[in-house]
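Q: For reference, the structure I am asking about is given below.
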Amino acid sequence: MSDPRKPKAAATVILLRQAEAQGFEVFLTRRPDAMPFLGGMYCYPGGTVTRDDMTPRMLDRCSGLTPKQAQKILGAHYRPLEAIGFWIASVREVFEEVGVLLAADATGAKLSMTSERAARLALRHGELTLVTLHK
């Protein structure tokens, strides 16, 4: 008999880039062998949506997609702030897991930082959030 647990809200990102000749290259990551769930398997980067992904302060850092637009895409069963949380979680998870930062600073320029590795570890351990990442 299976365990009837409620599934967690999660976001996954499929990163593509045009291949040199034709078609696309798809980015996958390999889960560590020691992970209890699907250890050793290849997957797209992503993970759980957290409360921090749905705060008004985080929303102030977002551009390009409104909470209402996110709700329309995902479905009316999500509140607008919950819906945009999936996009925010995907940006955070891709950076945490594989170091690809899909973010810009307040001027629209690529967000840069002095220590990407330290920032990724701090995000993973809850010592930093995406809101404070650029500071």
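Numbering (my numbering) for the sequence shown: 145 to 279.
For glycine and all other residues, C-beta sits at the position ideal for the given N, C-alpha and C.
Say yes only if the C-beta of Val235 is nearer than 6 Å to one or more non-hydrogen atoms of the ligand COA, and no if none qualify.
A: In the structure shown, the ligand COA is absent, as is every other ligand, since no ligand is present at all.
Q: Using only the alpha-carbon positions, how far apart do Phe171 and Arg149 sit?
A: Taking the first residue of the sequence shown as 1, we reach residue 171 at position 27. Taking the first residue of the sequence shown as 1, we reach residue 149 at position 5. If you take the alpha carbons of Phe171 and Arg149, they lie about 30 Å apart.
Q: On a CA-only basis, which of Thr273, Ser259 and Glu169 is nearest Gly232? Give me that one, please.
A: In the sequence shown, counting from the first residue as 1, residue 232 sits at position 88. Per the sequence shown, the amino acid found at residue 232 is Ile instead of Gly. Minimum Cα distance to Ile232 is reached at Thr273.
Q: Pick helix, strand or coil for Arg149, following the three-state DSSP scheme.
A: As a position in the sequence shown, residue 149 is number 5, starting the count at 1. In the structure shown, Arg149 sits in coil (DSSP, three-state: anything other than H, G, I, E or B).
Q: Let's see if you can read the secondary structure: which residues bound the alpha helix (DSSP H) around Arg223?
A: Taking the sequence shown and counting its residues from 1, the one referred to as residue 223 is at position 79. Arg223 -> no alpha helix (DSSP H), and no H or E assigned at all.
Q: Would you say Pro99 and Glu241 are within 7 Å of each other, going by their C-beta atoms?
A: This structure does not reach residue 99, given that the chain is present from 145 up to 279, and the question cannot be answered.
Q: In chain order, which continuous runs of the beta strand (DSSP E) of length 3 or greater are located wholly inside the stretch 161-215?
A: If we require 3 residues or more, the beta strand (DSSP E) runs fully inside the stretch 161-215 come out as 168-171 and 190-192.
Q: Rounded to whole angstroms, what is the Cα-Cα separation between Ala263 and Glu237?
A: Here residue 263 is taken as the residue at index 119 of the sequence shown, counted from 1. Here residue 237 is taken as the residue at index 93 of the sequence shown, counted from 1. Cα-Cα distance, rounded: 12 Å.
Q: Quick one: Cα of Glu226 to Cα of Gly208, how far?
A: For the purposes of this step, residue 226 is identified with residue 82 of the sequence shown, where counting begins at 1. For the purposes of this step, residue 208 is identified with residue 64 of the sequence shown, where counting begins at 1. Going by the C-alpha atoms only, they are around 16 Å apart.
Q: Of the residues Gly191, Pro176 and Val244, which one's Cα is nearest the Cα of Met185?
A: The residue labelled residue 185 in the question sits at position 41 within the sequence shown. It is Pro176 whose Cα lies nearest to the Cα of Met185.
Q: Can you round the beta-carbon distance between Arg174 and Phe168 to whole angstroms, since I take them to be within the 8 Å contact cut?
A: As a first step, residue 174 is located in the sequence shown; it is residue number 30 there, counting from the start. As a first step, residue 168 is located in the sequence shown; it is residue number 24 there, counting from the start. 20 Å between Cβ atoms; not a contact.
Q: Would you mind working out which of Glu271, Ser259, Gly219 and Arg205 sits nearest Val235, comparing C-alpha positions?
A: Translated into the one-based positions of the sequence shown, residue 235 becomes position 91. Ranking Glu271, Ser259, Gly219 and Arg205 by Cα distance to Val235 puts Arg205 first.
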